[in-house]
Amino acid sequence: DAGVIQSPRHEVTEMGQEVTLRCKPISGHNSLFWYRQTMMRGLELLIYFNNNVPIDDSGMPEDRFSAKMPNASFSTLKIQPSEPRDSAVYFCASNPPRTSGEETQYFGPGTRLLVL
Amino acid sequence: GNSVTQMEGPVTLSEEAFLTINCTYTATGYPSLFWYVQYPGEGLQLLLKATKADDKGSNKGFEATYRKETTSFHLEKGSVQVSDSAVYFCALGSDSSYKLIFGSGTRLLVRP
Chain L
262 DAGVIQSPRH EVTEMGQEVT LRCKPISGHN SLFWYRQTMM RGLELLIYFN NNVPIDDSGM
322 PEDRFSAKMP NASFSTLKIQ PSEPRDSAVY FCASNPPRTS GEETQYFGPG TRLLVL
Chain E
112 GNSVTQMEGP VTLSEEAFLT INCTYTATGY PSLFWYVQYP GEGLQLLLKA TKADDKGSNK
172 GFEATYRKET TSFHLEKGSV QVSDSAVYFC ALGSDSSYKL IFGSGTRLLV RP
């Protein structure tokens, strides 16, 4: 398997622009997580889905952030409008069903976002 | 609520030195415990895990033992290499959700 795939790997945009980050989880995994990592705040869980349904979005910083998972193989994280303080590395992770007995999350390579 | 505390870094060692990175947790129930490693410019990847008390996880020369009596899961390696330089995260699973609770990470720098 190719692992969790994220795109783009790098994004540079100007304040006020819309940013869309994309994630393809590992085939067969039914939970998907979006994280944000910064030097100041470390690793933060933004939202997670189970069977394509958002379960916990308490980490989403504000209404400018939204996430969708229209099917089992694709998710997006959108920031509109973007602000310089959104600059961070955004990770997507997935894990197999509980019935597999495995709790390990598998991380993608991340999208490095810079908002000017 | 459940939480993970790990030692602050950076930890700087010479090659072949002994490594310990402390991790303690607070949890209800009997969660699984994990160590993840993040190499520069990459995502986190699982290093090792333990699913119940007294289990020892091991991988690539690293070890950690699930100690219920001290609520700890310290990471150890007998002889570190320059290639072990990375950030190490301790994490706690949950009986009731799919979330992992991560510690703040400890940066390890190994000098030749």
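As given, the protein sequences belong to chains L and E, one line each in that order. Here my numbering is used: the first residue of the first sequence is 262, the next is one more, and so on. Here my numbering is used: the first residue of the second sequence is 112, the next is one more, and so on. From the three backbone atoms N, C-alpha and C, an ideal C-beta is built for every residue, glycine too.
Chain-ordered neighbours of residue i on chain E, where CB pairs are closer than 7 Å
{"i": "N356 (chain L)", "result": "Y209"}
{"i": "L306 (chain L)", "result": "K210"}
{"i": "S268 (chain L)", "result": "Within 7 Å Cβ-Cβ: nothing; S268 (chain L) doesn't reach chain E, min ~14 Å."}
Nonlocal neighbours in the same chain, by C-beta distance under 7 Å from residue i, ignoring five residues either side
{"i": "K177 (chain E)", "result": "The identity of residue 177 (chain E) in the sequence shown is Tyr, whereas the question assumes Lys. The answer, listed in chain order, is L144, A161, K163, A164, D165, D166, F184."}
{"i": "Q192 (chain E)", "result": "E126, V221"}
{"i": "L358 (chain L)", "result": "Strictly speaking, residue 358 (chain L) in this sequence is Pro, with Leu absent from that position. Contacts found: N291."}
Cβ-based burial, residue i [other Cβ within 10 Å; buried from 16]
{"i": "F129 (chain E)", "result": "exposed"}
{"i": "Y296 (chain L)", "result": "buried"}
{"i": "P142 (chain E)", "result": "buried"}
{"i": "E275 (chain L)", "result": "exposed"}
{"i": "K171 (chain E)", "result": "exposed"}
{"i": "V148 (chain E)", "result": "buried"}
{"i": "K179 (chain E)", "result": "exposed"}
{"i": "L306 (chain L)", "result": "buried"}
{"i": "Q341 (chain L)", "result": "exposed"}
{"i": "A354 (chain L)", "result": "buried"}
{"i": "S208 (chain E)", "result": "exposed"}
{"i": "D195 (chain E)", "result": "buried"}
Interface partners of residue i on chain L, CB under 9 Å
{"i": "K167 (chain E)", "result": "Here the premise fails: no neighbours, minimum Cβ distance about 17 Å."}
Proximal chain L residues relative to residue i, where beta-carbon distance stays under 8 Å
{"i": "E153 (chain E)", "result": "P370, G371"}
{"i": "G216 (chain E)", "result": "G303, L304"}
Contact set between residue i and chain E, taken where Cβ atoms lie within less than 8 Å
{"i": "T365 (chain L)", "result": "F145, L157, K160"}
{"i": "D256 (chain L)", "result": "Since the displayed chain L opens at 262 and closes at 377, residue 256 (chain L) lies outside it and no answer follows."}
{"i": "S292 (chain L)", "result": "Y209"}
{"i": "Y309 (chain L)", "result": "Y209, K210"}
Cutoff 6 Å; reference residue i; Cβ partners in own chain excluding five residues on either side
{"i": "S125 (chain E)", "result": "R222"}
{"i": "N312 (chain L)", "result": "N291"}
{"i": "S268 (chain L)", "result": "R283"}
{"i": "S336 (chain L)", "result": "C284, L293, M330"}
{"i": "F310 (chain L)", "result": "L293, M330"}
Chain-ordered neighbours of residue i on chain L, where CB pairs are closer than 7 Å
{"i": "G204 (chain E)", "result": "E364"}
{"i": "F213 (chain E)", "result": "L304"}
Cutoff 8 Å; reference residue i; Cβ partners in own chain excluding five residues on either side
{"i": "N113 (chain E)", "result": "Y136, T137, A138, T139, P142, L203, S205, I212"}
{"i": "V122 (chain E)", "result": "L130, I132, T217, R218, L219, L220"}
{"i": "E272 (chain L)", "result": "V280, L282, T372, R373, L374, L375"}
{"i": "E174 (chain E)", "result": "L159, K167, G168, L186, E187, K188"}
- [ ] For the segment 163 to 197 of chain E, enumerate the residues whose C-beta is nearer than 7 Å to any C-beta of chain L, in chain order.
- [x] none
Task: the segment 322 to 336 of chain L: positions lying closer than 7 Å to chain E by Cβ - done: none
Task: Within the segment 157 to 220 of chain E, ranges of the beta strand (DSSP E) (whole runs, at least 3 residues) - done: 167 to 170, 173 to 176, 186 to 188, 197 to 203
Task: Whole runs of the beta strand (DSSP E) within the segment 298 to 333 of chain L, excluding any shorter than 3 residues - done: 303 to 311, 314 to 317, 326 to 332
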